[in-house]
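A.B. asks: Mind looking over this structure? Questions follow.
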Ligand SMILES: [Zn+2]
């Protein structure tokens, strides 16, 4: 250390986590005043990236399946040396159950191994250039029909799946906007997801937009925040037009409503929509 005057409390604050108390399915912002390269929460390791102020930043996802409790996030330097640690409390979080009524031919749709591989590769890629900036903007203006983390039943049968994104109400044909700048990695139809665009925003943040009727971008394109990437549809495993979109943080789906403020459609009777 070059710093001659150092108090224990100052060194304890080399790295901070925000918020320090968090629900399942949310994102923790990691920030260090020093060039940390990785942060570890149990067996989950994420990268931190150098910032212009000489510090470093990263994003730690808390999965829906994580166990609530008190933890320490440990920060490391490039050589693996321990730099700092910060306390994190994961609160118990309840997710409701939701039944979705699907026509038999829609329920029967399944992902192919190629589909799964394409999506896994997208999730596992973390790129160095940060294109995104706070705040993200909503892709469509509609209210939230189905929140993140809901345990899904299809025609009354448990699926073992959680709702890994949110559904926003929207008529078919409405433009879908990129929530932040980034590089288009996927723009193609899938059996279950329908017409899909996946964008890598850099430094661990990725978004996906599903069930679209028409796609306006190609893989490799650099899109600006707010750019129209396609139109709302009901393609794939959907029982009506809506926009399902996803935020992945370092490969883990997290709650988009922590990133973008959106109103719930509430008690208003809505046709439940799906994945
Ligand atoms: Zn959905």
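Residue numbers (this note's numbering): 1046 to 1320.
Each residue gets a CB set at the ideal place from its N, CA and C atoms; glycine is no exception.
1. In angstroms with no decimal places, state the Cα-to-Cα distance between residue 1277 and residue 1257.
2. Just to confirm, are residue 1271 and residue 1222 a CB contact at a threshold of 9 Å?
3. According to DSSP, what are the bridge partners of residue 1212?
4. Is residue 1174 helix, strand or coil when you go by DSSP?
5. Using the three-state DSSP reduction, which class does residue 1233 fall into: helix, strand or coil?
6. Quick one: what's got a C-beta closer than 6 Å to residue 1063's C-beta in the same chain, skipping five residues either side?
7. Tell me which residue opens and which closes the beta strand (DSSP E) that residue 1092 is part of.
8. Cutting at 7 Å between CB atoms, please list the residues of its own chain near residue 1370, excluding the five before and the five after it.
9. Answer with buried or exposed for residue 1114, where buried requires no fewer than 16 other C-beta atoms within 10 angstroms of its C-beta.
10. Could you tell me which of 1296, 1306, 1302, 1310 sits nearest to residue 1089, measuring between CA atoms?
11. By DSSP, does residue 1162 sit in helix, in strand, or in coil?
12. Kindly examine ligand 1 and report whether one of its heavy atoms sits closer than 8 Å to the Cβ of residue 1210.
13. Ordered along the chain, which non-local residues of its own chain (more than five positions away) have a Cβ less than 7 Å from that of residue 1170?
14. I need the DSSP call for residue 1167, collapsed to helix, strand or coil.
15. Residue 1211 and residue 1185 look like a contact to me (Cβ under 8 Å); what is the Cβ gap, rounded to whole Å?
16. Could you tell me the boundaries of the beta strand (DSSP E) in which residue 1117 lies?
17. Tell me whether residue 1255 counts as near ligand 1, meaning its Cβ is closer than 8 Å to at least one heavy atom of that ligand.
18. Is residue 1246 close to ligand 1? I mean its beta-carbon at under 8 Å from any heavy atom of the ligand.
19. Would you identify the three-state DSSP class for residue 1050, choosing helix, strand or coil?
20. Taking 9 Å as the cut-off, decide whether the C-beta atoms of residue 1289 and residue 1255 are in contact.
21. At a cut-off of 8 Å, is residue 1199 close to ligand 1 when judged by its beta-carbon and the heavy atoms of the ligand?
22. Do residue 1299 and residue 1180 have their C-beta atoms within less than 9 Å of each other?
23. Please report the straight-line C-alpha distance between residue 1247 and residue 1083, rounded to a whole angstrom.
24. Kindly indicate which three-state DSSP category residue 1143 falls into: helix, strand or coil?
25. Leaving out five residues on either side along the sequence, give the residues of the same chain with a beta carbon under 7 Å from the beta carbon of residue 1078.
26. Taking residue 1251 as the reference, which of 1076, 1145, 1178, 1125 has the closest Cα?
C.D. replies: Taking the definition as stated:
1. 5 Å
2. Contact flag set, yes.
3. The partner list for residue 1212 (beta bridge, DSSP) reads 1191, 1289.
4. coil
5. strand
6. Excluding residues within five positions, the ones whose Cβ falls inside 6 Å are 1074.
7. 1089 to 1092 is the extent of the beta strand (DSSP E) around residue 1092.
8. As displayed, the chain neither begins before 1046 nor continues past 1320, which places residue 1370 out of reach and without an answer.
9. Exposed, because fewer than 16 other Cβ atoms sit within 10 Å of the Cβ of residue 1114.
10. 1296
11. helix
12. yes
13. 1245
14. helix
15. Contact flag wrong, Cβ pair sits at about 11 Å.
16. Start and end: 1114 to 1121.
17. yes
18. no
19. Legend: pLDDT at residue 1050 = 47, less than 50; position of this residue unreliable, value from coordinates given subsequently. Coil at residue 1050, not helix or strand.
20. yes
21. No - ligand 1 has no heavy atom lying nearer than 8 Å to the Cβ of residue 1199.
22. Going by C-beta atoms, residue 1299 is not nearer than 9 Å to residue 1180.
23. 16 Å
24. strand
25. 1059, 1100
26. 1178
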